[in-house]
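Protein chains in written order, with UniProt numbering: chain V, 1 to 170; chain P, 1 to 170. Every residue gets a Cβ at the ideal spot worked out from N, C-alpha and C, and that includes glycine.
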DNA sequence: TTTCTCATGTAACAAGTTACATGATTCG
DNA sequence: CGAATCATGTAACTTGTTACATGAGAAA
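Structural data, given as structure tokens:
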């Protein structure tokens, strides 16, 4: 049920339309919780049915502006502090590692080299948006920087681990 | 389509029944790719329909033993070396971080403290299975140790990051 | 003989993906 | 006027979760 809370979280910063949320998602949450446009609109409908958000205004082109309700805020806070985050995170990158014996050693080393490169690229990307996010003083930016720091640290261990792993293949 | 390849990967080590695979999953892959029993049996059926595995023996209690086919091995190798792993990994733990402004500062610090503790517990758990996995000389164990090393390094940054983040909340 | 483990499956539902459909308004 | 952008939605499909159903064979 995390998409639901992602939407509630964005709306906790102020009212927005589905279209607004979509764009907001793309520049913020999509790195930790991707969502598609159709998923978003469907979720807004369900959220409204459940009374966690309200349609507070209707604009041109059928635009509907949503705002979080008291019940929605309560649900959001409850989710943040009382619900345990998922303990296992799926990784098809690590899944492949288990089966590397199906490749010959040089290909297996290549796999790790490639993962190291990808991690390096992600690091570069995160460094680049760091300057961009640096400015925002809003809640999302402040906490987004904490999340970004996680990404940076994660990227570094990924790169180092992949380099180490390459050396493990004899 | 990763479950499919997880099953192919396990079968690449030798024939097994759905029941065998289930137990194997629990002690190995479930940490990087959880799957339920019903998912497994369904996938085996689809895999057989697609000609990537064959039923090579039938035993007591309706037991069916599956073996990977040449086509299955080819598909597995192709997936490992030619298909890019997913670039974004969902994290509802990081998602919550974006919305921490909804809690008061002490609660937010508590959140990070709790995450640091969880990371420490996971580290302990991984240290404990490390000795256990240390022995196996089979392919799955050798590469499993490389995956485990990833888990250990990840756990350490998670703990350190959470401790750092706690200090960021003013 | 009763209980445990082995063993496979179905059904209902929730979540996520991909593609398509449609139309209003704004801007150059 | 034509193109870009704004704006919402539906449909088909795949993947994952939860719960239930059933029964054979082994061991106590």
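Does the pairing of the segment 152-169 of chain V with the segment 49-63 of chain V give three or more beta-carbon distances under 8 Å? no
Contained alpha helix (DSSP H) runs [length at least 4] in the UniProt domain "Transcription regulator PadR N-terminal" (7-77) of chain P, N- to C-terminal order: 18-27, 37-49
Scan the segment 88-136 of chain V and note each continuous beta strand (DSSP E) run of 3 residues or more that stays entirely inside, going in chain order. Qualifying beta strand (DSSP E) stretches: none in this window.
Residue 85/V and residue 92/P - do their beta-carbons sit closer together than 8 Å? Yes, the Cβ-Cβ distance between residue 92/P and residue 85/V is below 8 Å.
So which residues on chain P does residue 6/V lean against when the C-beta distance must stay under 7 Å? 95
I want to verify the contact list: residues of chain P whose CB lies under 9 Å from the CB of residue 28/V, in sequence order. 98
Beta carbon of residue 154/V, beta carbon of residue 133/V: below 8 Å? At a Cβ-Cβ threshold of 8 Å, residue 154/V and residue 133/V do not count as neighbours.
What's the gap between the Cα of residue 17/V and the Cα of residue 88/V? 33 Å
7 Å Cβ shell around residue 5/P - same chain, five flanking residues per side excluded: 76, 79
Identify the contact partners of residue 157/P in chain V, using a Cβ-Cβ distance below 9 Å as the criterion. Near residue 157/P (Cβ distances below 9 Å), the residues of chain V are 150, 153, 154, 156, 157.
Are residue 74/V and residue 15/V close, meaning C-beta to C-beta below 8 Å? no
Rounded to whole angstroms, what's the CA-CA distance from residue 8/V to residue 125/P? Just pull it up for me. 34 Å
For residue 138/P, three-class secondary structure by DSSP: coil
Thinking residue 143/P and residue 97/V are a contact (beta carbons under 8 Å), I'd like their distance in whole angstroms, please. 5 Å
Identify each residue in the UniProt domain "Transcription regulator PadR N-terminal" (7-77) of chain P for which the Cβ-Cβ distance to at least one residue of chain V is less than 9 Å, and report them in chain order. 8, 9, 10, 12, 13, 28, 29, 30, 31, 32, 33, 34, 73, 76, 77
Check whether the Cβ atoms of residue 81/P and residue 40/V sit closer than 8 Å, and answer yes or no. no
Find out if the Cβ-Cβ distance for the pair residue 32/P, residue 47/V is shorter than 8 Å. no
Is any non-hydrogen atom of the ligand MN found closer than 7 Å to the C-beta of residue 101/V, if you look at the structure I gave you? Absence of the ligand MN from the depicted structure is noted, as is the absence of any ligand whatsoever, leaving it without description.
Same chain, Cβ closer than 7 Å to residue 130/P, neighbours up to 5 away in sequence not counted: 148
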